[in-house]
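The structure appears below as structure tokens.
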Amino acid sequence: MTDKAISRRFFGAAAAGLAALGITGAAAKSPAPKAIPTGKPFILTTWDFGPGANAVGWPMLANGASAIDAVEAAINHVELLGDYWVGAGGVPNEIGETTLDAMIMWGPTHDLGAVGCLKRVKKAISVARKVMEETQHSLIVGDDATRFAARMGFTETSLTSVVSQQAWDKWAAKGEKTDAFDPEPIRKGDQLVGHDTVGSIALDAAGNLCVGCSTNGREFKIPGRVGDSPIAGAGAYVDQAVGGAVATGNGDVMMRFLPTYHAVELMRGGMTPQAAAEAAIKRIEDAGYSIGGGIAVIRRDGVHGGAKTGWEDTPFSYSVQTAAGNVKTPVS
Numbered sequence: 060m061t062d063k064a065i066s067r068r069f070f071g072a073a074a075a076g077l078a079a080l081g082i083t084g085a086a087a088k089s090p091a092p093k094a095i096p097t098g099k100p101f102i103l104t105t106w107d108f109g110p111g112a113n114a115v116g117w118p119m120l121a122n123g124a125s126a127i128d129a130v131e132a133a134i135n136h137v138e139l140l141g142d143y144w145v146g147a148g149g150v151p152n153e154i155g156e157t158t159l160d161a162m163i164m165w166g167p168t169h170d171l172g173a174v175g176c177l178k179r180v181k182k183a184i185s186v187a188r189k190v191m192e193e194t195q196h197s198l199i200v201g202d203d204a205t206r207f208a209a210r211m212g213f214t215e216t217s218l219t220s221v222v223s224q225q226a227w228d229k230w231a232a233k234g235e236k237t238d239a240f241d242p243e244p245i246r247k248g249d250q251l252v253g254h255d256t257v258g259s260i261a262l263d264a265a266g267n268l269c270v271g272c273s274t275n276g277r278e279f280k281i282p283g284r285v286g287d288s289p290i291a292g293a294g295a296y297v298d299q300a301v302g303g304a305v306a307t308g309n310g311d312v313m314m315r316f317l318p319t320y321h322a323v324e325l326m327r328g329g330m331t332p333q334a335a336a337e338a339a340i341k342r343i344e345d346a347g348y349s350i351g352g353g354i355a356v357i358r359r360d361g362v363h364g365g366a367k368t369g370w371e372d373t374p375f376s377y378s379v380q381t382a383a384g385n386v387k388t389p390v391s
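Numbering (my numbering), first residue to last: 60 to 391.
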């Protein structure tokens with residue numbers, strides 16, 4: 060068979076397949092997406108952390124700093140707050156130890172740095188940045204992530220606080236197994252209490268996008284567990300030509316659907332940020348999962364949106380800071 064005959068057979072079969080799906084003519088072709096204009100600098104941060112974190116990152120952007128510096132500083136602010144769900148002093152695992160997951164991604168190059176199950180180092184997002192900038196790797200985990208951090212000059216210290224120790228003591232006294240051994244949360248109405256991630260997205264004056272997220276993960280998790288936060292496309296994702304997204308919630312389920320990648324790609328195809336956020340969350344719901352989870356999405360022109368599943372009594376929100384001020388947006 061000649062090359063031309065092979066070509067005709069291949070493309071003929073492809074056309075027939077599209078026709079069977081009702082896709083013919085111009086609709087069978089993939090139109091080039093419209094270019095998304097670059098907006099003015101902004102920083103978005105999730106949850107009630109938003110206003111405080113943005114107050115750290117925004118002045119940096121206003122003074123011409125890089126989006127990556129602003130994202131790192133904003134998330135460092137949250138990591139050091141002593142909140143139970145992010146950073147030092149946070150939720151313990153099954154044996155009473157706090158471990159951290161974090162990721163940072165640079166829009167212009169898609170370069171990524173992440174750490175999973177990081178131990179004894181407070182600024183997880185900063186270690187993730189070192190992975191991105193100092194190595195060709197994307198993800199380093201566990202004790203080896205701690206060794207890498209020490210190699211980069213970070214100080215090791217206990218991540219346990221009085222609050223996290225008391226929480227573990229109370230739980231351990233019950234003699235219960237971690238709920239990680241429970242059945243999958245499909246149509247059960249069983250949602251994990253609390254939230255576990257801070258996410259931030261920034262656009263700087265040079266038009267560069269960056270996204271990052273940090274967490275201490277799921278309460279009483281099995282040692283060694285890594286959630287969605289350091290996984291590109293799950294906990295966070297950015298594309299320089301489109302925008303970015305950050306996720307929060309039950310990472311063990313969220314990572315199965317890559318919701319942040321999904322949302323960014325939907326925006327690339329022309330969907331609004333709000334519609335993209337809703338579609339990414341709906342895909343998880345349509346699969347039957349009953350979890351608490353949320354996503355915040357922002358296009359490079361500054362238009363943003365968010366969606367959540369579960370958390371009927373949990374006020375998930377995100378905040379966006381621009382030159383006009385900070386606006387906190389509740390997600391319904």
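Glycine included, each C-beta is placed from N, C-alpha and C at the ideal position.
Going by alpha carbons, who is nearest to Tyr348 out of Phe375, Lys181, Pro289 and Val312? Translated into the one-based positions of the sequence shown, residue 348 becomes position 289. The option with the nearest alpha carbon to Tyr348 is Val312.
Just tell me which of Glu215, Trp144 and Asp360 has its CA closest to the CA of Thr381. On the sequence shown, residue 381 is found 322 positions in, with the first residue counted as 1. Of the listed residues, the one whose Cα sits closest to Thr381 is Asp360.
How about the stretch 301-308 and the stretch 194-212: do they share at least three Cβ pairs that are nearer than 8 Å? no
Inter-residue Cα distance where the pair is Val221 and Met330: Within the sequence shown, residue 221 is the residue found at index 162, counting from 1. Within the sequence shown, residue 330 is the residue found at index 271, counting from 1. When rounded, the distance between both Cα atoms is 46 Å.
May I ask you to verify whether the stretch 98-113 touches the stretch 124-140, counting CB pairs closer than 8 Å and requiring at least 3? yes
Closer than 7 Å by C-beta to Gln195: which residues in its own chain qualify, once you throw out the five before and the five after it? Chain order, please. For this step, residue 195 is matched to residue 136 along the sequence shown. Cβ neighbours of Gln195 beyond the five flanking positions: none.
What does the Cβ neighbour count give for Ala339, buried or exposed, with the cut at 16 atoms within 10 Å? Looking up residue 339 in the sequence shown gives position 280. Buried, since its Cβ has 16 or more Cβ neighbours within 10 Å.
Reference Asp287, options Glu371, Arg315, Gln224 and Ala132, closest by Cα: Working through the sequence shown from its first residue, we reach residue 287 at position 228. For Asp287, the nearest C-alpha among the options comes from Arg315.
Give the list of continuous beta strand (DSSP E) stretches no shorter than 3 residues that lie fully inside the stretch 167-219. 170-178 and 198-200
Which class does Ile245 belong to by DSSP, given the choice of helix, strand or coil? For the purposes of this step, residue 245 is identified with residue 186 of the sequence shown, where counting begins at 1. In this structure, Ile245 counts as strand in the three-state DSSP scheme.
Closest by C-alpha distance to Val356, when choosing among Glu371, Ala383 and Pro318: The count along the sequence shown starts at 1 and reaches residue 356 at position 297. When only C-alpha atoms are compared, the closest one is Pro318.
Residue from Ala293, Gly365, Gly234 and Val190 with nearest C-alpha to Glu337: On the sequence shown, residue 337 is found 278 positions in, with the first residue counted as 1. Looking at the Cα atoms, Gly365 is the closest of the given residues.
Could you say which of Gly276, Asp255, Thr388 and Gly201 lies nearest to Val362 if we only look at CA atoms? The residue you call residue 362 lines up with position 303 of the sequence shown. With distances taken between Cα atoms, Val362 lies closest to Thr388.
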